[in-house]
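**Q**
Numbering (my numbering), first residue to last: 1237 to 1506.
(1) Specify, as a first and last residue, the run of the alpha helix (DSSP H) that residue 1490 falls within.
(2) Starting from residue 1349, trace the beta strand (DSSP E) in both directions and tell me its first and last residue.
(3) Taking the beta carbon of residue 1272 as the centre, do at least 16 other beta carbons fall within 10 Å, making it buried, or is it exposed?
(4) State the DSSP-derived secondary structure class of residue 1428, mapped to helix, strand or coil.
(5) By DSSP, does residue 1419 sit in helix, in strand, or in coil?
(6) With DSSP run on the structure shown, which of helix, strand or coil describes residue 1227?
(7) For chain B, is any of its Cβ atoms less than 8 Å away from the one on residue 1281?
(8) Please classify residue 1280: does DSSP put it in a helix, a strand, or coil?
(9) Please report the distance separating the alpha-carbon of residue 1353 from that of residue 1452.
(10) Here's the rule: buried if 16 or more other CB atoms are within 10 angstroms of the residue's CB, otherwise exposed. What is residue 1412?
(11) Take the Cβ of residue 1482 as the centre, count every other Cβ of all protein chains shown within 10 Å, and call the residue buried at 16 or more, exposed below.
(12) At a threshold of 7 Å, does residue 1376 count as lining the ligand ZN (C-beta to nearest heavy atom)?
(13) I'd like to know whether the C-beta atoms of residue 1289 and residue 1279 end up nearer to each other than 8 Å.
(14) Applying the 10 Å Cβ sphere with the 16-neighbour rule, what's the burial state of residue 1382?
(15) Helix, strand or coil for residue 1368? Go by DSSP, reduced to three states.
(16) Under a three-way DSSP split, which group does residue 1444 fall into?
(17) Going straight from the alpha carbon of residue 1301 to that of residue 1441, what length do you get?
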């Protein structure tokens, strides 16, 4: 019988022997330290201990031991709350729009966006390519816009078959403005930017220059730019320009506005 009652049930710290609930020590949770009777709200943590502050503003630090605190008169084990996972930042496309995850490119729509040449197409792809693939809109380069009205008639725009055209140097009184004036269809939107070439729509700061060179009238603009900047040929200069464009922040606002209008137009339901 001695073995049956040999253990002194009052020996040791009986509070720590009981199975107690674990409670997250959230800010402002009011608990009492079971040993000292200090009662206060949780205000922080220090090296594996909790900091309590009483109603008089006094603070004390207590180890996070099992069953070391009382909550509503009942022993509890405080634990430091797990940090909430930080939500992943929304990825944005080069155009600044929110990227759509796990979405395949749509089958191409009948609607199109035309640009004047391959450089324009490459720049549009660099900035708006992700957006256009989600929308299923194809960008096609033209070889200039001298025959734009005939090209538009051949495209046969109509409901569900819209056409947007991006034009360089679209300013009042220019040759481009006179060509554009001949296009008249509710299913066609022609817009553009004021720059001589799409090169000039790239901000000089992106290329590490103060401003685009001024090319004298009568000299081809691209060749004049290359000569002023000490670049051998336009192809090399274009590679340099495109490599410095990472997002919409690297191009001028008129180009951004023109492209956004075209995308809205060709994706608008009829």
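Glycine included, every Cβ here is placed at the ideal spot set by N, Cα and C.
**A** On the basis of the supplied data:
(1) Unbroken alpha helix (DSSP H) run through residue 1490: 1489 to 1503.
(2) From DSSP, the beta strand (DSSP E) with residue 1349 extends over 1348 to 1351.
(3) Taking every protein chain shown into account, the CB of residue 1272 has fewer than 16 other CB atoms within 10 angstroms, so this residue is exposed.
(4) Residue 1428 carries a strand assignment under DSSP once its states are collapsed to helix, strand and coil.
(5) If DSSP states are grouped into helix, strand and coil, residue 1419 belongs with coil.
(6) The requested residue 1227 is not part of the displayed model; the chain covers only 1237 to 1506.
(7) No chain B is part of this structure, which consists of one protein chain only.
(8) DSSP places residue 1280 in strand when its eight states are reduced to three.
(9) Answer to the nearest angstrom: the Cα atoms are 23 Å apart.
(10) Buried is the call here.
(11) Looking at its Cβ environment, which holds fewer than 16 other Cβ atoms inside 10 Å, residue 1482 is exposed.
(12) Among the components modelled here there is no ligand, and therefore nothing to report on the ligand ZN.
(13) Cβ atoms of residue 1289 and residue 1279: closer than 8 Å.
(14) Exposed, by the Cβ-count rule.
(15) Reduced to three states, the DSSP call for residue 1368 is helix.
(16) It is coil, neither helix nor strand.
(17) Residue 1301 and residue 1441: Cα-Cα distance of roughly 60 Å.
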